[in-house]
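Numbering (our numbering), first residue to last: 10 to 528.
Now the structure itself:
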């Protein structure tokens, strides 16, 4: 027996019994008007300056692979699209997997470039193409080993971990170079060495440098260990960098003491004792300089001390930042309007801004703007705050060069729009700033006090001072302007005649404005 009680129509809701007495039954339709409606709107989404749209947000579970999640979501959207009402379609305006793909490609590109440079430089300095090939094999093998260790340790291939691998790329060949050079030195005068002789010489050469190599790698890894002690946001950001570097250097060390000797004994040929041409040229310049330096140690010490002072002065004048700005490829424009703006006014303003930008800056192919908050309250902001996500044409189609030029073109449009303030950011950068300081911006000044008018005056003064600082861009202040309120005063005598109190009336007003979920 299968019983169904699901409500399928408005009539089903009207017929629901809410009270039963001896005198009769009271249904929903007897005491209420039942119709389709909507919650009070606390936000609005507009697209390309044309009309309103529906904004969907996909949240991945913690630890989930972003690229796998995104590809699965795209497959499901493709299945659902034929079932949409006529004229409706899905349009992806921000895809974080594209940024991950760019980061992965960057690491692959760095790896390929490093292999080519290593082969060329080692061939020049060692004068032996075979030795250069033996050393360059370490790069892809160490990278593969690093990814394997990352998987076993639960470390995902995110932007920070991949950045750590990119940093370590140049260090991966150091151990292999030392081993190969020492093996070549051992084989230099062994013209008639057999395979067993080459294996013995390779073993002795590797054992000779093993201890210094292990000590050197431990020292380098130790330098990055303090990053693992960081807590909070800093720890989450920089721990993957330190771990990836440690994994990569450890893998390269093991490969240099195992794979490189095996390849050296097989591929390197004994009897190659002549110094390469490039090394002879460098030695001809270096030896006279070394002799002069050894003859005048006081001058060398003075020059070194002067260089130390210059380095200290230069360091004190270098700008500092928590994290370098990464080009995510998806600019976000935050537009702020007067706090009393309505849903209709903010939608019209946002669409007008979108039309102006897309008509005057053809590099912007699409814009999706979200003002206010959604029903879930994930990002609770006022209707006067709008985040505009921009979809751009490929950089090779731009009239100018670089993101800075494009931002300048968009600023020219926004500066001609009255009644707004704006700032540029990027999706990930924006969230990181909010987590660090609770606001969007590289520098935030917070003023505390009880007098709103005085706070607003000080805000304007600070804003003017900051605008005069060289390098400051997109400076704006959040004014504590008042908002419009409707005040309902309860007539307690009249309410008492109906058996109502002030709290019950307030609850009814809240339901009238915000609605209430039932059932």
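Glycine included, each C-beta is placed from N, C-alpha and C at the ideal position.
Bear in mind that the values here come from a model prediction, so they are computed numbers and not experimental data.
Residue ranges of uninterrupted beta strand (DSSP E) with 3 or more members, entirely inside the region 333-380 and ordered along the chain, are 341-345.
Counting C-beta atoms within 10 angstroms of its own C-beta, residue 403 has fewer than 16 neighbours from the protein chains shown and is therefore classed as exposed. Residue pairing by DSSP places residue 397 opposite 342 and 378 in a beta bridge. With a cutoff of 7 Å on beta-carbon distance, residue 43 and residue 23 are scored as near each other. Residue range 306-325 is occupied by the alpha helix (DSSP H) that includes residue 324. Judged by DSSP secondary structure, residue 469 falls within the alpha helix (DSSP H) whose first and last residues are 461-476. As the crow flies, the alpha-carbon of residue 520 is around 44 Å from that of residue 482.
When DSSP states are grouped into helix, strand and coil, residue 28 belongs to the strand group.
The C-alpha of residue 145 lies about 27 Å from the C-alpha of residue 295. In the same chain as residue 195, and ignoring 5 residues on each side of it, the C-beta atoms closer than 8 Å to its own belong to 210, 211, 213 and 214, in chain order. In the assembly as shown, residue 191 is a buried residue. Its beta-carbon has 16 or more other beta-carbons within 10 Å.
Sequence-distant partners of residue 26 (beyond 5 residues in either direction) whose C-beta falls short of 6 Å from its own C-beta, in its chain, are 34 and 36. The DSSP-derived three-state label of residue 384 is coil.
Between residue 99 and residue 90, the alpha-carbon positions lie close to 7 Å from each other. Partner residues in a beta bridge of residue 494, as assigned by DSSP, do not exist. By alpha-carbon distance to residue 450, the top candidate from 272, 432, 381 and 473 is 432. For residue 370, the CB contacts under 8 Å within the same chain, skipping 5 residues up- and downstream, are 415, 418, 419 and 422 in chain order. Remark: C-beta atoms of residue 397 and residue 382 do not approach each other more closely than 7 Å.
Residue burial is scored here from C-beta neighbours: residue 399 has at least 16 other C-beta atoms within 10 angstroms and is therefore classed as buried. By the CB criterion at 7 Å, residue 48 and residue 524 fall inside the cutoff.
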